[in-house]
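My numbering numbers the first residue of the sequence shown as -15 and each following residue consecutively.
Here the structure is laid out as structure tokens; the discussion comes afterwards.
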Amino acid sequence: KLHFRPAQFYKEQHVRGKWVCDQCDTLTQQAMPAYVIDKGIASPELLSHVLVSKYADHLPLYRQRLIYQRAGIDLSRSTLSDWIGRCGVEL
């Protein structure tokens, strides 16, 4: 039997440790992982999904927005458009 599981959204949280050197009192913190959009909410997987949906599947941003809204995620078309522009700069 062929089953279908719709896409799922989840939040990823990074916990970074802080350490203090006993000898020199220097504070050290683990670096954040590198992302396409620094300090953005979109993961590389979500960005690639938006790009593939728009350019390979020819799905306009307003339809993508409606799909995300049905899944409980509120993203504006301008946010999606900004993500596409930033990905274009990186490519």
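Note that beta-carbon positions come from the ideal geometry of N, C-alpha and C, so glycine has one too.
Owing to the predicted nature of the structure, the values given are computational and were not obtained by experimental measurement.
Which residues in the same chain as residue i place their Cβ atom closer than 7 Å to its Cβ, once the five residues preceding and following it in sequence are excluded?
{"i": "V34", "result": "Q48, L64, W67 and I68"}
Indicate whether residue i and residue j have their beta-carbon atoms separated by less than 8 Å.
{"i": "V20", "j": "L11", "result": "no"}
{"i": "H(-13)", "j": "M16", "result": "no"}
So the candidates are the options; which of them puts its Cα closest to the Cα of residue i?
{"i": "R(-11)", "options": "A55, L75, R70 and E(-4)", "result": "A55"}
{"i": "Q(-8)", "options": "I51, K(-15) and Q14", "result": "I51"}
{"i": "R61", "options": "G72, C8, K38 and V73", "result": "K38"}
For residue i, which residues of its own chain have a beta-carbon under 8 Å away from its beta-carbon, when the five flanking residues on both sides are left out?
{"i": "P28", "result": "Y19 and V20"}
{"i": "V(-4)", "result": "It is Glu, not Val, that sits at residue -4 in the sequence shown. Closer than 8 Å at the Cβ level, and outside the excluded window around E(-4), lie S27."}
My understanding is that residue i touches residue j, with C-beta atoms under 8 Å, so please give their C-beta distance in whole angstroms.
{"i": "L43", "j": "C71", "result": "So it is not a contact: roughly 16 Å between Cβ atoms."}
{"i": "G1", "j": "Q14", "result": "6 Å"}
Which residues in the same chain as residue i place their Cβ atom closer than 6 Å to its Cβ, once the five residues preceding and following it in sequence are excluded?
{"i": "I57", "result": "F(-7)"}
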